[in-house]
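Have a look at the structure below before the remarks.
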Amino acid sequence: MTKASAATIEKRMKIDVAKASAPNVPGDTCPSINYVQEIIEQIAARSDEWGGKQAIVITDLLEYVRDANYELRNSSKYWYDKYKDAA
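Position in the sequence shown (first residue = 1) + 41 = our numbering.
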């Protein structure tokens, strides 16, 4: 076995160990967020003016969560790629 291939195998082993011990990245939560927003719209449509205002606030907060989840997944991918390059 050449020195280059031994180094490659060692790097691959480091990545595999890190992947095995890494926490799972949550899946796409957008379908759940969409479902909650549909329920909020139904409640707001049956409710008074205050219910409509609350629905807007809740929907805005869910959009913030959606954006934060998207950024978290992108950050996770970025750092994983950086780790692979370094390892």
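Backbone N, C-alpha and C fix where the C-beta goes; we use that ideal spot for every residue, glycine too.
Check: Is it buried or exposed for I97, if we count other Cβ within 10 angstroms and need 16 for buried?
Finding: exposed
Notebook entry, point to check: Rounded to a whole number of angstroms, what is the C-alpha to C-alpha distance between D126 and G68?
Noted result: 24 Å
Checklist line | V58 in three-state terms, based on DSSP | finding: helix
Check: Between R107 and I74, which are expected to be in contact by the criterion C-beta below 8 Å, what is the C-beta distance as a whole number of angstroms?
Finding: 5 Å
Margin query: Check this for me: beta carbons of L103 and V66, under 8 Å apart or not?
Written below: no
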